[in-house]
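2 protein chains.
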Amino acid sequence: MNIQKILVADDHPIFRQGLIRTIESHSSFNIIAEVNDGMQAFNKIKELKPDIAILDISMPSLSGLQIVKKVQNLNLDVKIIILTMYTDEEFFSQAIDLDIKGYILKESTAEDLIVALKNVSNGGSYISPSLTDYVIKLGRERRSFIKAKPSLKNLTPTERKILKYLAENKTSKQIGDDLVISYKTVENHRANIRDKLNLKGLNALLKFAIENKSKL
Amino acid sequence: MNIQKILVADDHPIFRQGLIRTIESHSSFNIIAEVNDGMQAFNKIKELKPDIAILDISMPSLSGLQIVKKVQNLNLDVKIIILTMYTDEEFFSQAIDLDIKGYILKESTAEDLIVALKNVSNGGSYISPSLTDYVIKLGRERRSFIKAKPSLKNLTPTERKILKYLAENKTSKQIGDDLVISYKTVENHRANIRDKLNLKGLNALLKFAIENKSKL
DNA sequence: TTCAAAATGGGTGCTACTGTCTATTTACCT
DNA sequence: AGGTAAATAGACAGTAGCACCCATTTTGAA
Chain U
1015 MNIQKILVAD DHPIFRQGLI RTIESHSSFN IIAEVNDGMQ AFNKIKELKP
1065 DIAILDISMP SLSGLQIVKK VQNLNLDVKI IILTMYTDEE FFSQAIDLDI
1115 KGYILKESTA EDLIVALKNV SNGGSYISPS LTDYVIKLGR ERRSFIKAKP
1165 SLKNLTPTER KILKYLAENK TSKQIGDDLV ISYKTVENHR ANIRDKLNLK
1215 GLNALLKFAI ENKSKL
Chain B
1015 MNIQKILVAD DHPIFRQGLI RTIESHSSFN IIAEVNDGMQ AFNKIKELKP
1065 DIAILDISMP SLSGLQIVKK VQNLNLDVKI IILTMYTDEE FFSQAIDLDI
1115 KGYILKESTA EDLIVALKNV SNGGSYISPS LTDYVIKLGR ERRSFIKAKP
1165 SLKNLTPTER KILKYLAENK TSKQIGDDLV ISYKTVENHR ANIRDKLNLK
1215 GLNALLKFAI ENKSKL
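Protein sequences appear in the order of chains U and B. Count along the first sequence starting at 1, add 1014, and that's the number in the numbering used here. Count along the second sequence starting at 1, add 1014, and that's the number in the numbering used here.
So this is what it looks like as C-alpha cells:
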C-alpha cells in the first residue's frame, strides 16, 4: 500500500491541529493540504486529488455534504470521511445516501480516527460506535421497504418555505399575508406537512419546525 | 514570571490533542494534567492546584461552569479559561457573573489561545473577538441598571418545571395531570412566565421553551 | 396530450392557548 | 407577627391551530 495522501478540512484551527498531529504520527499517511472552509476544500480536492478527504460537516461557504455532492458529480476518485460534532440522524442518513465511507464524531479518540483512516484506505468503511443505533435502524427501514422515515426530503419546496415561517412563530394569517396567498392555503399546506411527517396534535408541527429549522 | 502550570479539561480527545500541542509549543506553559470529564477536572484542580485551568463548558458529569462554582466555593486560587463551541449569550453571561477571566471559542486560532493564556497568566483577561457584541451589550445593560434582560434566572423552580413540560409539547391539561394540579394553575404559570420573559402572542412561549430546553 | 402532483381557496366544528381579571393558601424572611 | 413571593384555582371572551371535508387551477413529466 502506498502512502495515502490526505486532505483535512475543518474551520476550527485548534481541532485541525489535533487532527494533523494524530494523522502525521502514522507513517502511512501524509497530509497534503489543510483548509478551513468548504470552497477551498473543493478546489484543493480538484487540484491535488488526495486519496482521502476528511471533511467537517459545518464549514463556511460549503458544507461537507455539499462538497461530497460536487466531488461525486465530477467523478473524482476520492474517499470521504465525514467529521461532525453532532449525533444527528438526519445528517447521518444523508451521508449514507451519498455513499460516504467514514462517518466519525469529533468526540472520537485518536485511535478511532486512525482505525477509520486505515479501514477507508483499504476500501472499507468506519462509523463511530455511538452511531450504531442509527445504522441498525436505517438498515431495518430500508430492508423492509417501508420508507417509514418521516423526512424533510418528502416535502415540496413550498411546504419547506411554510416550515421556515412556522419556525419563526408566524400565524397562518401572517404567512398568508407575507406570501400573498390565502391563509386557508397555508393551513392546507400545514395539514399536508403534518400528514407527511406523521405529526399529530396541537403544536406538534411548530415544535418540529423549530427543532429542524437549521435543516430547511 | 514562573512557568505556568496548566490543566486542560475537554472530552474530545482530538481537540484536546490540538490544545496540548499548541500550549506546549510555548516554553512558558507546562501542562500538568489533562482530563476528559468534569469530576476528574475538579479533583485534579484540588489536588494539583494549577495556575490556569482550561475548561470545556459541555463535559460529562460536571459542566465547566459547575466546576468554577465548586472551585470558587473552596477559595482555590485558580485562573479559569472557559472554552466553548457556541456563541451563546446565556452561557457567556453566566461566565461573566462567575468572574471568569478568559472565554474563548473553539473556532479560535492557536495564536488567540496563546494570547488568552498570556493575558490571563498576567492577571488580565481575554474574550474571543466574536463575543464583543455581547460584552458591549452586557456592559450597557448593567450600567443602565435596567436588568432588561429577560432571563431564565428570574423564573421560580415551578415555572422552570412547567417550561420543561412545555418543551415536550404537552398541553396545560396534560401537565396538570402529570403534576396533579389544576390545568388552570398551569395556565397561570404560563401567563407568569410569559410576563417575566416578555413573550407576547400565540405560541411564543412554546417557541421559547423548545429553543431553551437545554438550559432548563 | 394526458395524467399526477402541487398549489391554490374554502367550510365547519372543536380544542388549546392567550389576555385580563380575582382570590386563597403556603412558605419563608425580617 | 407581619409582609412578600409563590403556588394554587377559577371566570370569561377572543383567537389560532387542528381534523375532517371539498373543489379548482397550475405545472411538469411520461
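All residues carry an ideal CB built from backbone N, CA and C; glycine is no exception.
Name the chain B residues that come within less than 9 Å of residue i, Cβ to Cβ?
i, result
"U:I1224", "L1220, K1221, I1224 and E1225"
"U:R1122", "Residue 1122 of chain U is actually Ser in this sequence, not Arg. Here the neighbours are H1026, P1027 and I1028."
"U:M1053", "In chain order: nothing, as chain B lies at least about 17 Å away."
Once DSSP output is grouped into helix, strand and coil, what is the label at residue i?
i, result
"B:R1204", "helix"
"U:E1125", "helix"
"B:L1169", "coil"
"B:L1216", "coil"
"B:L1119", "strand"
"U:G1019", "Before going on, a small fix: residue 1019 of chain U reads as Lys here, not Gly. In the structure shown, U:K1019 sits in a strand (DSSP, three-state: E or B)."
"B:I1195", "coil"
"U:I1176", "helix"
"U:L1114", "Sequence inspection shows Ile at residue 1114 of chain U; the Leu mentioned does not correspond to that position. Note: U:I1114 maps to coil in three-state DSSP."
Would you decide whether residue i is buried or exposed? Buried here means 16 or more other CB atoms lie within 10 Å of its CB.
i, result
"B:D1065", "buried"
"B:G1032", "buried"
"U:G1116", "buried"
"U:L1131", "buried"
"U:A1162", "Residue confidence is low: U:A1162 scores 41 on pLDDT, short of 50, so the model does not pin down where it sits. No coordinate-derived value is stated."
"U:N1212", "exposed"
"B:K1120", "buried"
"B:S1228", "exposed"
"B:V1049", "buried"
"B:L1062", "exposed"
"B:L1177", "buried"
"U:S1135", "buried"
"U:N1183", "buried"
"B:L1088", "exposed"
"B:I1141", "buried"
Given that residue i touches chain U, what residues does it touch there, using C-beta distances under 7 Å?
i, result
"B:Q1031", "G1032, R1035, T1036 and A1124"
"B:N1183", "N1217, A1218 and K1221"
"B:L1069", "Simply none; closest approach about 15 Å."
Which residues in chain U sit within 8 Å of residue i, going by Cβ to Cβ distance?
i, result
"B:M1099", "M1099"
"B:L1177", "The premise fails here: B:L1177 is roughly 14 Å from chain U at the closest Cβ pair, so nothing lies under 8 Å."
Whose Cβ in chain B lies nearer than 7 Å to the Cβ of residue i?
i, result
"U:L1127", "I1028"
### Task
Tell me, please, whether the segment 1058-1074 of chain B touches the segment 1022-1038 of chain B by the rule of three or more beta-carbon pairs shorter than 8 Å.
The way I'd put it, the segment 1058-1074 of chain B does touch the segment 1022-1038 of chain B; three or more beta-carbon pairs between them come closer than 8 Å.
### Task
For the segment 1077-1085 of chain U and the segment 1104-1117 of chain U, state whether three or more C-beta atom pairs, one from each stretch, are separated by less than 8 Å.
Contact holds between the segment 1077-1085 of chain U and the segment 1104-1117 of chain U, because three or more Cβ pairs, one in each stretch, are under 8 Å apart.
### Query
For the 8 Å Cβ check, are there 3 or more pairs between the segment 1039-1057 of chain B and the segment 1032-1047 of chain U?
Below 8 Å, too few C-beta pairs join the segment 1039-1057 of chain B and the segment 1032-1047 of chain U to call them touching: fewer than three.
### Query
Could you give the uninterrupted runs of the beta strand (DSSP E) lying entirely in the segment 1061-1104 of chain B, keeping only those of 3 residues or more?
Runs of the beta strand (DSSP E) spanning 3 or more residues and lying entirely within the segment 1061-1104 of chain B occur at 1066-1070 and 1093-1098, in chain order.
### Message
With a threshold of 8 Å, are at least 3 pairs of Cβ atoms found where one atom belongs to the segment 1205-1220 of chain U and the other to the segment 1088-1103 of chain U?
### Response
No, they do not touch.
### Query
Below 8 Å, can you find three or more Cβ-Cβ pairs linking the segment 1172-1180 of chain U to the segment 1193-1209 of chain U?
Because the criterion of three Cβ pairs below 8 Å is met, the segment 1172-1180 of chain U and the segment 1193-1209 of chain U touch.
#### Entry: Complete beta strand (DSSP E) runs within the segment 1022-1049 of chain U (minimum length 3 residues, chain order)
Counting only runs that start and end inside the segment 1022-1049 of chain U, the beta strand (DSSP E) elements of at least 3 residues fall at 1043-1049.
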